[in-house]
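Numbering (this note's numbering), first residue to last: 877 to 1218. By construction, the Cβ of each residue, glycine as well, lies at the ideal position given by its N, Cα and C atoms. Here's the structure, in structure tokens; my notes come after.
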């Protein structure tokens, strides 16, 4: 093979690797290994075969690189990772309670955080929430670029907002905190949700309707609301006790998270704080306890202006010394005007 033909082949492979996202240093090493001084003519046939194999290897690298670049990874360094939904191949993964990842769809950043362990799947139409509970924030953008999240009853189209979704084998719900979302059922019915609106499924017949005021008539989950605390002590976080069996706790946690999300959507922050306090007082443990403690601190700091916020953050930092929300908790402590931590 002529030297000029070899160099053209190498330049073409180099350009393909760079377009695929391979670091420039890696492609340079490939070139250095392939480029050789001219060899005797009887060895030229071996050189041709070597170049052919190298080109095939380069093509394999390109395919693998592209394939891995497009997948949301189930491993999230520092509990956060970036993935492209538009290019993601169907793949199922889990987020543990408190774990989050950010992604991009049609150029719009979004962040999803699991309230309890959530199982997710990337599909061509969007991300499907298979099971669990998540809170999602999407940067505001054009309606034409709405991000879609799939649930068992249909799809949630996001224009730019913050909302919570729960999904279990028997049904689920979505509660809107800020912005606007549109729910599209599998049979084509639509409902535009506004802040404070919640929708549950399985869906009933007829037009879709949001729930707003029926919280007043509902009783909270029994496991968390016996003698709820009314006072505002300076230390808000009860000591942890032995956790309940995992299966009942998961069911109760889903009900609690759904109710807290709806109370926040309605602006009933005091009631939401009391729900969380009651859950913590009844010995809820594990990652969910840390998340609820953090959510309680945020309510006390940003929504209620409670003077007990600083005491709460002190107790939170002592109990969760290596928790998932260290940076967020420190930022909230500063917002509350608390003295520097010791």
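Per DSSP, cross-strand counterpart(s) of residue i
| i | result |
| --- | --- |
| residue 1054 | 1038 |
| residue 1043 | 1008 and 1048 |
| residue 1169 | Paired residues: none, contrary to the question. |
| residue 1026 | 1004 and 1031 |
| residue 971 | 994 |
| residue 1066 | 1060 |
| residue 1087 | 1074 |
| residue 850 | Here the chain comprises residues numbered 877 to 1218, so residue 850 is not present and cannot be evaluated. |
| residue 1146 | Bridge partners of residue 1146: none, in fact. |
| residue 1013 | 987 and 1038 |
| residue 1195 | Answer by DSSP bridge pairing: none, since residue 1195 is not bridged. |
| residue 1081 | None; residue 1081 has no bridge partner. |
Given residue i as reference, the closest of the options once Cα atoms are compared
| i | options | result |
| --- | --- | --- |
| residue 1058 | 1178, 979, 1024 and 1044 | 1024 |
| residue 1071 | 1040, 1204 and 1060 | 1040 |
| residue 1136 | 1042, 1077 and 1007 | 1042 |
| residue 1167 | 1080, 985, 978 and 1198 | 1198 |
| residue 1214 | 1183, 1194 and 1195 | 1183 |
| residue 1074 | 1175, 1053 and 1065 | 1053 |
| residue 1034 | 1064, 1068 and 1049 | 1068 |
| residue 1210 | 1195, 1194, 1196 and 1185 | 1185 |
| residue 1196 | 1216, 1179 and 1169 | 1169 |
Alpha-carbon spacing of residue i relative to residue j, whole angstroms
| i | j | result |
| --- | --- | --- |
| residue 1002 | residue 1026 | 7 angstroms |
| residue 1171 | residue 1084 | 30 angstroms |
| residue 1086 | residue 1165 | 30 angstroms |
| residue 1148 | residue 1076 | 19 angstroms |
| residue 1055 | residue 985 | 15 angstroms |
| residue 991 | residue 1181 | 24 angstroms |
| residue 1153 | residue 1145 | 12 angstroms |
| residue 968 | residue 1000 | 13 angstroms |
| residue 1189 | residue 1173 | 7 angstroms |
| residue 1201 | residue 998 | 26 angstroms |
| residue 1028 | residue 1004 | 9 angstroms |
| residue 1134 | residue 973 | 15 angstroms |
| residue 1177 | residue 1013 | 20 angstroms |
| residue 993 | residue 1160 | 15 angstroms |
| residue 1088 | residue 1143 | 11 angstroms |
| residue 964 | residue 971 | Residue placement at residue 964 is poorly supported in this model, since its pLDDT is 45, which falls under 50; the coordinates are not used for a value here. |
| residue 1032 | residue 1162 | 30 angstroms |
| residue 1078 | residue 1151 | 26 angstroms |
| residue 1051 | residue 1009 | 11 angstroms |
| residue 1194 | residue 1064 | 50 angstroms |
| residue 1038 | residue 1212 | 23 angstroms |
| residue 1066 | residue 1187 | 45 angstroms |
| residue 978 | residue 1203 | 17 angstroms |
| residue 1049 | residue 996 | 16 angstroms |
| residue 1216 | residue 1080 | 53 angstroms |
| residue 1240 | residue 1179 | What the structure shows of the chain is the stretch from 877 to 1218, and residue 1240 is not part of that stretch, so it cannot be assessed. |
Inter-residue CB distance, residue i and residue j (contact presumed, cutoff 8 angstroms)
| i | j | result |
| --- | --- | --- |
| residue 1030 | residue 1062 | 5 angstroms |
| residue 1192 | residue 1207 | Incorrect: roughly 13 angstroms between the Cβ atoms, too far for contact. |
| residue 1155 | residue 1132 | 6 angstroms |
Close Cβ partners of residue i (< 6 angstroms) along its chain, the five nearest in sequence each way excluded
| i | result |
| --- | --- |
| residue 989 | 976 and 1011 |
| residue 1047 | 1077 and 1078 |
Cutoff 7 angstroms; reference residue i; Cβ partners in own chain excluding five residues on either side
| i | result |
| --- | --- |
| residue 1044 | 1007 and 1130 |
| residue 1060 | 1030, 1031, 1033 and 1066 |
| residue 1175 | 1145, 1148 and 1149 |
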